[in-house]
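Chains as they are written, first to last, in this note's numbering: chain G, 1 to 139; chain B, 1001 to 1139.
Notes for the one structure printed next.
Number of protein chains: 2
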Amino acid sequence: MKTEEIRRSLVEKGLKVTPQRIAVLEAVTILNNHPSADHIIEYIRKTHPNVSTATVYKVLDALAENGLIKRVKTERDIMRYDAILDKHHHLYCSESDRIEDYSDEQLDQMLEDYFRRKDIPGFSIEDVKLQIIGKFRQT
Amino acid sequence: MKTEEIRRSLVEKGLKVTPQRIAVLEAVTILNNHPSADHIIEYIRKTHPNVSTATVYKVLDALAENGLIKRVKTERDIMRYDAILDKHHHLYCSESDRIEDYSDEQLDQMLEDYFRRKDIPGFSIEDVKLQIIGKFRQT
DNA sequence: AAACAAAAGAGAATGATTCTCTTTTAATAA
DNA sequence: TTATTAAAAGAGAATCATTCTCTTTTGTTT
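Below you can see the structure in the form of structure tokens.
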């Protein structure tokens, strides 16, 4: 995601465009494996050596609350983030903390068809995502 | 889960049978909404007023590591637990921290069929679970 | 009953994240 | 361009869920 795109995204959400916000959103986009705050801070410190840890946490929170990034569901106490807002699923490594994206339109269509017909009593569905747990093979 | 069942489960896993372990496993089974450590501690304190917080964390960890309970994937930093080991999915409330179980064999079958034919390059699937995000309706 | 190692207890330590208060800054209006 | 305003950043402290450490207790086996 280019700086201009980021800038526009922030404006669209009514957020002020600050260098820190640009840097954080860029970092979440660029870093692999659904980065934690710690990794994002590390990355940003290269270009913004004085950025405050609290600021990064605040920026991540603002970005997530405004739908510019998403938090990823994990079992651990460290929160992780994802810049891809398009519909996709996650591959979770059963042996490490690696998480990868998985897109599959056919699967999405199948699930959509299924839940169009299938009612879950007392619950109205907004989104369906797969947690696909397994092992990454050496590549 | 009755005490006898719990006892047997622990023995099967080569774990010592302690009152604390029985109480914790029972609590995870009984409490709704995929309880956090805090809720479990609260509950247990009724029958074991002197149980140490550290012990509960240790027990939860031992139970999870030995496959007697599962950790639930959430976006928050507080870990949560699930006593149901049978194949099931989770309903996540988009507005609160409520999480409910959702079982659906037809869906499981459909997904199994799908991934029997569909290869994810570089990844071998062990399990597939749905995160179904939406709103619980008043009941 | 003795032995042994796992487990519990108690309190301290850890670290990811949030809070608090002040200063800075981005955006807007004039 | 300047002034204004409110959002945002900074800095360090505070919070709290969880883990650590060391000692004692306990469950299980012989």
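Even glycine gets a Cβ: it sits at the ideal position worked out from N, Cα and C.
In this structure, DSSP gives residue 30(G) a helical state, which the three-state scheme calls helix. Annotation for residue 1108(B): the continuous alpha helix (DSSP H) segment containing it runs 1105-1117.
With the rule of 3 Cβ pairs closer than 8 Å, the segment 1048-1061 of chain B does not count as touching the segment 1109-1123 of chain B. Your pair residue 28(G) and residue 44(G) does not check out as a contact, with CB atoms roughly 10 Å apart and the cut at 8 Å.
If you check each beta-carbon in the segment 1098-1131 of chain B against every beta-carbon of chain G, the ones closer than 9 Å belong to 1100, 1102, 1104, 1106, 1107, 1110, 1111, 1114, 1115, 1118, 1120, 1121, 1122, 1123, 1124, 1125, 1126, 1127, 1128, 1129, 1130 and 1131. By a beta-carbon distance limit of 8 Å, residue 57(G) does not contact residue 71(G). Their separation comes to about 12 Å. Rounded to whole angstroms, the separation of the alpha carbons of residue 63(G) and residue 19(G) is 14 Å. With fewer than 16 other CB atoms across the displayed protein chains lying within 10 angstroms of its CB, residue 1103(B) is exposed. Taken through DSSP and simplified to helix, strand or coil, residue 1126(B) comes out as strand. Distances from the alpha-carbon of residue 1137(B) to those of 1092(B), 1122(B) and 1111(B) put 1092(B) closest. Look at residue 1078(B) here: in three-state DSSP terms it is coil, with no helix or strand label. For a Cβ distance threshold of 7 Å, residue set 1126 of chain B lies close to residue 94(G), ordered along the chain. Around the C-beta of residue 1073(B), 16 or more other C-beta atoms lie within 10 Å, and the residue is accordingly described as buried.
Scanning the segment 1046-1074 of chain B for uninterrupted beta strand (DSSP E) segments of 3 residues or longer gives 1070-1072, listed from N- to C-terminal end. Using a CB distance cut-off of 8 Å, residue 75(G) counts as an interface residue toward chain B. For the segment 48-60 of chain G, the set of residues with a beta-carbon nearer than 9 Å to any beta-carbon of chain B is empty.
Only exposed fits residue 5(G), as fewer than 16 other CB atoms lie within 10 angstroms of its CB. Contacts with chain G at 8 Å (Cβ-Cβ) include residue 1133(B). Close CB contacts of residue 68(G) within its chain, under the 7 Å cut and outside five residues either way in sequence, are with 9, 13 and 25 (chain order).
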